[in-house]
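One structure below.
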Amino acid sequence: MPPEPNVTECKQPPKTVRPLVDTTRCEGKEDCEEVCPYGVFEVRKLDAGERKALSFMNWVKVMAHGGKQAFVIHPENCHSCGLCVRACPEKAIRLVRFEEVTP
Ligand code: SF4
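Pasting the structure below:
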């Protein structure tokens, strides 16, 4: 169950920034999914097509961690609280301008 949003920590209106996951660092540990008050992330196993798109080294790393990574499924809900950036043990998440990432 995600924590209740603390609006005092929400620094930007939606669609100002969004998280970007560095897939070469993400180990699918789910901290981002647990701390985000807005359900922006989903941590799940990569499907066959997603695994095939990885570099060999990245594939080895992903498979060593259960084949899971974090996906940004609702970037439009991000309020820029920064909880996910602080929670990620792999330092795999940064916030970028919303329009910087094309779907
Ligand atoms: S900064 Fe991270 S934790 Fe906060 S709303 Fe955006 S995605 Fe969720």
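Just so we're aligned: 45 in the working numbering is position 63 of the sequence shown, and the numbers increase by one with no gaps anywhere. Positions of the beta carbon are idealized from the N, C-alpha and C atoms, including for glycine. As the structure is a prediction and not an experimental result, all values here were calculated from the model.
Taking the CA atoms as reference points, His56 sits about 12 Å from Val25. The alpha helix (DSSP H) runs of length 4 or more contained entirely in the segment 20 to 66 are, from start to end of the chain, 30 to 34, 38 to 46. Taking 7 Å as the cut-off, the C-beta of Pro19 counts as close to a heavy atom of the ligand SF4. Linking Pro19 to Thr5 through their CA atoms gives a straight-line distance of about 22 Å. In the displayed model, Arg68 falls within a helix according to three-state DSSP. In this structure, the alpha-carbon of Arg76 lies about 23 Å from that of Arg33.
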